[in-house]
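A short worksheet on the structure shown next.
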Amino acid sequence: MNELPLHGIRVLDLSWIIAGPTATRFLASMGAEVIKIGSARRPDPSTRGPAFQAYNQSKLYASLNISTPEGLALVKSLIAVSDVMIENFAAGVIERLGLGYDEVRSARPDIIMLASSGTGHSGPHKDYVAYGSLLQHYTGWNSISGYPDREPVTGGLWADPWVGMELAMVTAAALNNRALTGQGQYVDFSMAEALSASIPEPILDYQMNSRVKAPMGNRDDWYAPHGVYHCVGADRWVAIAVTNDAEWVSLCQLIQRSDLAADPMYADAAGRHEHRDHLDAAITAWTIQHEDHEAMQLLQRAGVPSGPSQDILRVFNEPQLREAGYFTELQTSDGELRDLPGLPWRLEGGPGPYLTEAPVLGQHNAYVYQELLGLPETEVDRMIEDQIIY
Amino acid sequence: MPDGLLPGVKVLDVGQGISGPCCAKILAQMGAEVIKVEPPEGDLARQMGPFPGDIPHPEKSGLFLAMNANKQGITLDLSSPGDAEAFRNLAAGADIVIENPPPVSLEGHGLGYESLKNANPGLIFTSITPFGNRGPYKDFKATDLVLYHMSGHAHGMLGPVKDPDSDPPIRAGGHQAELVGGMAAATATLMALYRKRMTGQGSRIDISSFEAMVTQLISGLANSAYGRPAPPRDLAKVEEAAIGGMVGAIGGILPCNDGYVAISPREDAQWERWLQVMGGPTWATDERYATRDARQKNSPALWKLLSDWSVNHSKHEIARMGQEQRVPCFPVNTVQDLLSDEHLADREFFVEIDHPVAGVLRYPGAAYRFSNSHLPLTARPAPLLGQHNREILGSSA
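Now the structure itself:
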């Protein structure tokens, strides 16, 4: 009775790199049996580094060369016993491999097939070669980020992880529908549209005001003060966002500038916004005397939204994550014990997420081909020899 | 084709601002029946821009309109016993309740999960807060800005800079952290709904928007777990091109005569084809640019050469020529470009909704199309304040 939500669901994962594997990591951690298929012929590029250990937690990993006829037949046998299939090759690739929706559906009529690509599977630019970092520019997502009057920003790993979570959400919605109707789905997913869908404000602003929204760094259209403020140490900053008048008064008391709180010029957001440079200087005079975490503690005690601007190593060591039980210690494929990430949600009163170390290629060949498909060991050995299970 | 994937699923959206309403918006797009429950003074998002003419108006907030389309709306003062009772009655027949306190905390009104599940054991109660109900920061306040910086994203957003102490890290535009919290909530909620269909079991789900943002960077956390240092923000200390970021040989931005184009000819074969796009420049065989390692090492000089060429062309022209040669490259678009993009038009990505006060606007639609279900993306505009009180609450309204 008290199982993880996706208990009993099997996912055949033909995806690679980041977005697809991120989606199946969520599904696996929530109870689905995820079988990742890969081949030494064309290894998953993310296999090269530690990232693979995070993206592929909790999965099974079988090797299969699907560009061979026998490999193709095997993958169809696996589709026949799966509920979900996911792929994130460039548009058209899965069809050329002989695994378009019609073929997949004939192996398993109620399959949920997720196909994610850069610009989706229809339209004049469906074959455009894409990377997530480029899509952040194509979609307008980066157009509102950065400093005003400078070149567009070039950082930010956003498209793939965001799409990964959205694909997991879409899978869960389709599973609900299948439970209700018995029917499967083909899902045409566009990474580009996922990014454009997440910036409705500038899209509507353009229509309302004939204005192309410019980037504004850490500032906000309405709230002030709103930014990061230098603390003790090189490249150390605390982010502060004042979202109402009460927070403003608390902030002034904390930094011992009751004169600012009493000044009618700064009494409302519009006034503070107009004079934000002056107020930012006054706040910095206080923050520069404090460590960033110490500043956060003092500001939060005063009821002001705030937190340090951190690099990933400091995030890894965050007391909040440590004490909230976000990490799980797992033995990675090199035999070392390491703290690896968990899930951003807790389903209370049930079992915790299923989190195991990432597998290595072929680790679960025996389970997948002998137990699940019922092939004799001699046949599996022959296919390994013939570089089909490879 | 039937409308949506979640026919008959009833959702109460008590959220305000972005994360809670975003979660409910996703469920509405998928075809659930969502009732938005606002306090009499309205959702905070009604005070957040953009507005036509920059003049605040509770029925014209672009943010509110986008987050709440396809929902019905009622107003309830949960501090009054009568309205609290009306809410309790609605919750007794709901599949899902979504909140994102503050300002409205159902627990604070005696309407928390434990109280509601007595009448409705299968209820799924989803609560989104900045840090979840656990850990030393559980009562801390955070906004999109704060979460973007705390979670490590701001550190990588800008790309490496010459002087980190004068160029602080920045957040992305919009409300990305709050949308990630909402998406995480929708994901967990739909998984819990699936379990409910299979077993009848309800759940209380606790979402930390901070953890949701951190989970977007699990590759970086894995690097940390392997003892790797954080990627430097100081340009002088950058040695290798990071995945995701675009530095040197991985790719970057080129100026054009009408904006910028983003290119990433990162594999050797892609680089060779890119050189053809440029018409086979003579410097290509120079040993400083002949290999990916050499290009990375000499990237400032290389980008100067590329920019000298690109500035004579338009961004769409370069993108088209590059893609014809299978080189990953895209124009750096503004939202204006987006609204006239032929590919998005062909896919009918934008959807038109007519709102009685705000008028006709084109909203971004969904990133997904289902072969066997039609999504009700234009079922109704965002509700006016209290628009469906009579219809849903009856004579008590």
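Chains A and B, in that order, give the protein sequences. For the first sequence, this note's numbering gives the first residue as 1, with consecutive numbering after it. For the second sequence, this note's numbering gives the first residue as 391, with consecutive numbering after it. Cβ coordinates follow ideal geometry from the N, Cα and C atoms, glycine included.
Spell out whether any CB of chain B is found under 8 Å from the CB atom of residue i.
{"i": "GLU166(A)", "result": "yes"}
{"i": "GLN300(A)", "result": "yes"}
{"i": "PHE189(A)", "result": "yes"}
{"i": "ALA172(A)", "result": "yes"}
{"i": "PHE89(A)", "result": "no"}
{"i": "VAL232(A)", "result": "no"}
{"i": "GLN331(A)", "result": "no"}
{"i": "VAL129(A)", "result": "yes"}
{"i": "GLY392(A)", "result": "No statement about residue 392(A) is possible, as the shown extent of chain A runs from 1 to 390 and does not include it."}
{"i": "TYR326(A)", "result": "yes"}
{"i": "ILE111(A)", "result": "no"}
{"i": "GLN363(A)", "result": "no"}
{"i": "ALA281(A)", "result": "no"}
Counting only beta-carbon atoms, is residue i nearer than 8 Å to chain A?
{"i": "TYR584(B)", "result": "yes"}
{"i": "ALA756(B)", "result": "yes"}
{"i": "SER409(B)", "result": "no"}
{"i": "LEU611(B)", "result": "yes"}
{"i": "GLY635(B)", "result": "Residue placement at GLY635(B) is poorly supported in this model, since its pLDDT is 49, which falls under 50; the coordinates still yield a value, given next. Yes, its Cβ sits closer than 8 Å to a Cβ of chain A."}
{"i": "ASP683(B)", "result": "no"}
{"i": "GLU732(B)", "result": "yes"}
{"i": "ASN510(B)", "result": "no"}
{"i": "THR792(B)", "result": "Past the boundaries of the shown model lies residue 792(B); chain B is included only from 391 to 787, so the question cannot be answered."}
{"i": "ARG867(B)", "result": "This structure gives no information on residue 867(B), because the portion of chain B shown stretches from 391 to 787."}
Under a three-way DSSP split, which group does residue i fall into?
{"i": "PHE530(B)", "result": "coil"}
{"i": "TYR391(A)", "result": "There is simply no residue 391(A) to check, as chain A begins at 1 and stops at 390 in what is shown."}
{"i": "ILE633(B)", "result": "Low confidence applies to ILE633(B): its pLDDT is 41, below 50, so where it sits in the model is not reliable enough to give any reading."}
{"i": "SER67(A)", "result": "coil"}
{"i": "GLU377(A)", "result": "helix"}
{"i": "GLN331(A)", "result": "strand"}
{"i": "LEU340(A)", "result": "strand"}
{"i": "VAL651(B)", "result": "strand"}
{"i": "VAL81(A)", "result": "coil"}
{"i": "VAL599(B)", "result": "It is Ser, not Val, that sits at residue 599(B) in the sequence shown. Reduced to three states, the DSSP call for SER599(B) is helix."}
{"i": "HIS764(B)", "result": "strand"}
{"i": "ILE518(B)", "result": "strand"}
{"i": "LEU466(B)", "result": "coil"}
{"i": "ASP277(A)", "result": "helix"}
{"i": "GLY405(B)", "result": "coil"}
{"i": "TYR101(A)", "result": "helix"}
{"i": "GLY38(A)", "result": "strand"}
{"i": "ALA567(B)", "result": "helix"}
{"i": "GLN419(B)", "result": "helix"}
{"i": "ALA787(B)", "result": "Unreliable positioning characterises ALA787(B) in this predicted model, as indicated by a pLDDT of 49, which lies under 50. The coordinate reading is nonetheless provided below. Reduced to three states, the DSSP call for ALA787(B) is coil."}
{"i": "PHE454(B)", "result": "helix"}
{"i": "SER614(B)", "result": "helix"}
Tell me which same chain residues have a C-beta within less than 8 Å of the C-beta of residue i, skipping the five on either side of it?
{"i": "PRO397(B)", "result": "GLY421"}
{"i": "ALA282(A)", "result": "ILE255, ARG257, LEU260"}
{"i": "SER541(B)", "result": "ALA567, PHE600, MET603, VAL604, GLN606, LEU607"}
{"i": "THR284(A)", "result": "TYR229, HIS230"}
CB-CB under 6 Å to residue i, same chain, minus the five flanking residues each way: which ones, in chain order?
{"i": "HIS778(B)", "result": "GLN462, GLY463, ILE464"}
{"i": "GLY8(A)", "result": "none"}
{"i": "PRO718(B)", "result": "SER654"}
{"i": "ASP485(B)", "result": "VAL399, LYS400"}
{"i": "MET383(A)", "result": "ILE389"}
Might you give, ordered along the chain, the residues of its own chain that have their beta carbon closer than 7 Å to the beta carbon of residue i, omitting 5 neighbours on each side?
{"i": "VAL163(A)", "result": "ALA19, SER116, MET191, ALA194"}
{"i": "ASP393(B)", "result": "GLY421, HIS764, PRO766"}
Please indicate yes or no: does the CB of residue i lie closer than 7 Å to some heavy atom of the ligand NAD?
{"i": "ARG96(A)", "result": "Of the ligands one can find in the structure shown there are none, so the ligand NAD has no counterpart to examine."}
ask   = Which residues, in chain order, does the region 145-162 of chain A contribute to contact with chain B at a C-beta distance below 8 Å?
value = SER145, GLY146, TYR147, GLU151, PRO152, VAL153, THR154, GLY155, GLY156, LEU157, TRP158, ASP160, PRO161, TRP162
key: At least 3 beta-carbon pairs within less than 8 Å: the region 550-566 of chain B vs the region 199-214 of chain A   = yes
request  = Pair every Cβ in the region 155-174 of chain A with every Cβ in the region 16-36 of chain A, then say whether three or more of these pairs are closer than 8 Å.
outcome  = yes
inquiry  = I want to know whether the region 33-50 of chain A touches the region 585-593 of chain B - three or more CB-CB distances under 8 Å.
reply    = no
Contacting positions in the region 666-677 of chain B - beta carbon closer than 8 Å to chain A = If the cut-off is 8 Å between Cβ atoms, the region 666-677 of chain B has nothing near chain A.
message = Residues of the region 204-228 of chain A in Cβ contact with chain B at a cutoff of 7 Å, in chain order, please.
response = LEU204, ASP205, TYR206, GLN207, MET208, ASN209, VAL212, LYS213, PRO215, GLY217, ASN218, ASP221, TRP222, HIS226, VAL228
query = Is there contact between the region 95-112 of chain A and the region 44-64 of chain A, where contact requires at least three CB pairs shorter than 8 Å?
reply = A contact between stretches requires three or more CB pairs, one per stretch, nearer than 8 Å, and the region 95-112 of chain A fails this requirement with the region 44-64 of chain A.
Where the region 556-577 of chain B meets chain A: residues whose CB sits under 9 Å from a CB there = Flagged, chain order: ASP557, PRO558, PRO559, ILE560, ARG561, ALA562, GLY563, GLY564, HIS565, GLN566, LEU569, VAL570, GLY571, MET573, ALA574, ALA575, ALA576, THR577.
query = Going along the chain, which residues of the region 76-87 of chain A sit with their C-beta nearer than 9 Å to a C-beta in chain B?
reply = none
request  = Could you list the residues in the region 707-737 of chain B with a C-beta less than 9 Å from some C-beta on chain A, going in chain order?
outcome  = ALA709, GLY712, GLN713, ARG716, VAL717, PRO718, CYS719, PHE720, PRO721, VAL722, ASN723, THR724, VAL725, GLN726, ASP727, LEU728, LEU729, ASP731, GLU732, HIS733, LEU734, ALA735, ASP736, ARG737
task = With 7 Å as the C-beta to C-beta threshold (strictly closer), list the residues of the region 236-259 of chain A near chain B in chain order.
result = TRP237, ALA239, ALA241, THR243
inquiry  = Counting beta carbon pairs with one atom in the region 228-247 of chain A and one in the region 297-308 of chain A, are three or more of them shorter than 8 Å?
reply    = yes
ask   = When you check each C-beta in the region 595-611 of chain B against every C-beta of chain A, which residues fall closer than 9 Å?
value = Cβ proximity to chain A below 9 Å picks out ILE595, ASP596, ILE597, SER598, SER599, PHE600, GLU601, ALA602, MET603, VAL604, THR605, GLN606, LEU607, ILE608, SER609, GLY610, LEU611 from the region 595-611 of chain B.
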